[in-house]
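Protein sequences appear in the order of chains A and B. For the first sequence, position 186 (counting from the first letter as 1) is numbered 186 according to my numbering, and the numbering increases by one without interruption. Positions in the second sequence are counted from 1; adding 1000 to them yields my numbering.
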Amino acid sequence: MNERIVSELIESFGKLFMAGIKVSIPLTLASFSTGLAIAFLVALVQIAKIPVFRFLVRVYVWIIRCTPMIVQLFIVYFGLPNIGIRFSSFVSAWIVMSLSVGAYCSETVRAAIESVPVGQLEACYCDGLTFWQAMIHVIVPQALRTAFPPLSNSIIGLVKDTSLAYNVALVEILATAQRIASRTYDYFWLYLEAGLIYLIFCSVLTVVQRKAEAALERRR
Amino acid sequence: MFSLINVNKKFGGNVVLNNVSLDVNRGDVVAILGPSGSGKTTLLRCAGYLTKADSGTLVIGGERYDMKKISSKDLRNYRRRVGFVFQTFNLYGNKTALGNVTLGLRVSQKMPKEEAEKIGKSLLERVGLADRMDYYPSKLSGGQQQRVAIARALATNPEVIFFDEPTSALDPELTGEVLTVIKQLADEGRTMIVVTHEMEFARKVATRVVFMEDGEIVEENTAKEFFENPRKERTREFIFKSSTWSQNGETGGESE
């Protein structure tokens, strides 16, 4: 590794890092929050046994889990324009990743909700709460605590999955590295650096997870 | 003022409640005794609409409700008039003691926070937990949790309170503090129905005792008469076995 590569890597580090801050992290956060909302809705529809919706959400989970995310991305970004629907790279990635998080995490959330003792729900009923009020005020907050570790897993996975959006022309960390490397031919070093950036972001999330879990533990 | 009329319940082919009727007057403390599987907890759960009866009618202060089918509006009104205390406390794990007492008031009755907390605080004081208001359930002993649960059941100032074996999940040392609170309520003239295994409590606090077996009420009497002059042989045997375990070998010496 000579001086040229060192200075190149120092310069590119800032660019890759900013691509993470400006694109990959916002995409992760947007997809995860939307996905989590979907996951809760799907889980609750199944638990509340709402007839038609229950069937629909099962079909949704089935389709999303049984097709590759990159195929879904291609359908949304390259396919939908054929029928006149156009989304930007970012929005396409956001839609697909939210749907993916929603499908995968709905099972986590459902299991967590079902792990809350049934007596909690009965106590709510005796307190005059409806099913949905009980869910919002008592059951879901406790389920979140149980679901927190597996959900943290999902968000860390999601950070890395944002690199798939490279394929739909989103200039995120990997695409930035690829662009620089295609000029200088230092693929080895730049891809190594891209990996390092993901490592940094995910490490931060791991620390945040540990801190948040400790904070949740204090509130019980 | 509170009646259950002809309550029936089957689980599968198993008859758990066979045409059970019960009348409770204002200020009565009714202890329901009976062996495990006699249907006493099921009767209480049906009265609390936690288990749907197959048939039966419930009367409270002149209002009649079908125990099999009730509109959500009627159920909401009914639940405000009764309180339920569980064997396993069932305190909300994500709420403090005060939060447990006020949740129903705030969410179901839409009471402003200050007003609900004022009620909550005075109820927690009454059960002797003024210094534990901000504790989460996991930081409270079983006896303290059950007292919070009693305060929670009192929040709507109910006309009748149901207790489902309120001391069965407690360390023997801790049953006293809970029974003392229930006794206080009895002395205030609260109407209560208590499913229990505590014979001493039934003897001293209850005004009336109902003895159930195999889904039916075997005997029903004032507490004094029930213990001093049980009419049925089965009742006599139950009282004897439940109050003694070592004095007499000839009854088999088995106790629950």
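Don't be surprised by glycine CBs; every beta carbon is placed ideally from N, CA and C. In this text, all values refer to a predicted model and were calculated from it rather than measured experimentally.
Helix or strand or just coil, what does DSSP make of residue i?
i	result
A:Ser7	helix
B:Phe1089	coil
B:Met1199	helix
A:Leu158	helix
B:Glu1173	helix
B:Thr1235	helix
B:Lys1073	helix
A:Leu144	helix
B:Ser1055	strand
B:Gly1022	Per the sequence shown, residue 1022 of chain B should be read as Leu rather than Gly. Three-state result, B:Leu1022: strand.
A:Gly195	helix
B:Asp1187	helix
A:Met69	helix
A:Val23	helix
Within a Cβ cutoff of 7 Å, which residues of the same chain sit near residue i, ignoring the five residues on either side of it in sequence?
i	result
A:Leu158	Thr28, Ser31, Phe32, Met97 and Val101
B:Gly1128	Arg1147
A:Arg54	Val45 and Gln46
A:Gly20	Ile173, Ile197 and Phe201
B:Ala1047	Leu1004, Leu1058 and Phe1162
B:Arg1203	Ala1223 and Phe1227
B:Asp1066	Thr1057
A:Ile5	Asp186 and Trp189
Could you name the residues of chain B that residue i contacts, counting a contact when the two beta carbons are closer than 9 Å?
i	result
A:Glu122	Arg1045, Gly1048, Leu1050, Phe1084, Phe1086 and Asn1090
A:Cys105	Per Cβ cutoff of 9 Å: no residues; A:Cys105 is ~20 Å from chain B at best.
Considering just the uninterrupted stretch of the beta strand (DSSP E) at residue i, what are its terminal residues?
i	result
B:Leu1033	Val1029 to Leu1033
B:Lys1113	Not the beta strand (DSSP E): B:Lys1113 falls in the alpha helix (DSSP H), residues Lys1113 to Arg1126.
B:Leu1004	Phe1002 to Phe1011
A:Glu122	Where A:Glu122 is concerned, there is no enclosing beta strand (DSSP E), although the alpha helix (DSSP H) it sits in stretches over Val118 to Cys126.
A:Arg86	Counting along the chain, A:Arg86 falls outside any beta strand (DSSP E), and DSSP gives it neither H nor E.
B:Thr1064	It should be noted that the sequence gives Arg, not Thr, for residue 1064 of chain B. Element bounds for B:Arg1064: Glu1063 to Asp1066.
Cβ closer than 8 Å: which chain B residues qualify as neighbours of residue i?
i	result
A:Arg219	Asn1094 and Tyr1136
A:Cys202	Those do not exist, as A:Cys202 stays about 29 Å from chain B at its closest Cβ, beyond 8 Å.
Between which residues of its own chain and residue i is the CB-CB distance below 6 Å, once the five residues before and five after are set aside?
i	result
A:Leu205	Ile156
B:Gly1252	At B:Gly1252, the pLDDT of 45 sits below 50, so the modelled position is not reliable and the matter cannot be decided from this model.
B:Val1160	Phe1002, Val1082 and Thr1191
A:Val138	Gln120 and Cys124
B:Arg1045	Thr1051
B:Ala1186	Val1029 and Val1205
B:Gly1215	Val1015, Val1016, Leu1017, Asn1018 and Gly1039
B:Glu1256	Because the pLDDT of B:Glu1256 is 41, which lies under 50, any placement of that residue in the model is unreliable, and the number read from its coordinates should be weighed accordingly. None.
A:Lys15	Thr176
A:Ser163	Leu174
So residue i is in the alpha helix (DSSP H); what residue range does that whole segment cover?
i	result
B:Ser1036	First-last for B:Ser1036: undefined, no H or E at that position.
B:Lys1224	Ala1223 to Glu1228
B:Thr1102	Ala1097 to Leu1103
A:Arg58	Pro51 to Arg65
A:Arg110	Ser89 to Ser115
B:Ile1161	Per DSSP, B:Ile1161 belongs to no alpha helix (DSSP H); it is in the beta strand (DSSP E), Val1160 to Asp1164.
B:Met1212	Careful: B:Met1212 lies outside any alpha helix (DSSP H), inside the beta strand (DSSP E) at Arg1208 to Glu1213.
A:Arg183	Ile173 to Thr184
B:Arg1147	Gly1142 to Leu1154
Within the same chain, show all residues whose beta-carbon is closer than 8 Å to that of residue i, passing over the 5 residues directly before and after it, in chain order.
i	result
B:Gly1093	Tyr1136, Pro1137 and Ser1138
What residues of chain A sit near residue i, judged by a beta carbon separation below 7 Å?
i	result
B:Val1107	Leu129, Gln133 and His137
B:Leu1103	Asp127 and His137
Could you tell me which chain B residues have their CB closer than 7 Å to the CB of residue i, listed as they occur along the chain?
i	result
A:Gly119	Phe1086, Thr1088 and Asn1090
For residue i, which residues in chain A fall below 8 Å Cβ to Cβ?
i	result
B:Arg1079	Tyr125, Cys126, Asp127 and Gly128
Determine whether the Cβ of residue i lies closer than 8 Å to any Cβ atom of chain C.
i	result
A:Leu164	Of the chains in the structure shown, none is chain C; the protein chains are A and B.
With hydrogens ignored, establish whether the beta-carbon of residue i is closer than 7 Å to any heavy atom of the ligand FMN.
i	result
B:Arg1152	Here there are no bound small molecules, and the ligand FMN is not part of this structure.
Discussion item. Along the segment 1050 to 1075 of chain B, where does the CB come closer than 9 Å to a CB of chain A? Name the residues.
Written reply: Flagged, chain order: Leu1050, Ser1072 and Leu1075.
Worksheet item: Listed from N- to C-terminal order along the chain, which residues in the segment 9 to 27 of chain A have their beta-carbon within a distance smaller than 8 Å of any beta-carbon of chain B?
Response: The residues in question: there are none.
Worksheet item: For the segment 130 to 141 of chain A, which residues have a beta carbon sitting closer than 8 Å to at least one beta carbon of chain B?
Response: Within the segment 130 to 141 of chain A, the residues whose Cβ lies closer than 8 Å to some Cβ of chain B are Thr130, Gln133, His137, Val138 and Pro141, listed in chain order.
Practice prompt. Anything in the segment 1223 to 1238 of chain B with a Cβ closer than 8 Å to a Cβ of chain A? List those residues in chain order, please.
Written response: Of all residues in the segment 1223 to 1238 of chain B, none has a Cβ within less than 8 Å of some Cβ in chain A.
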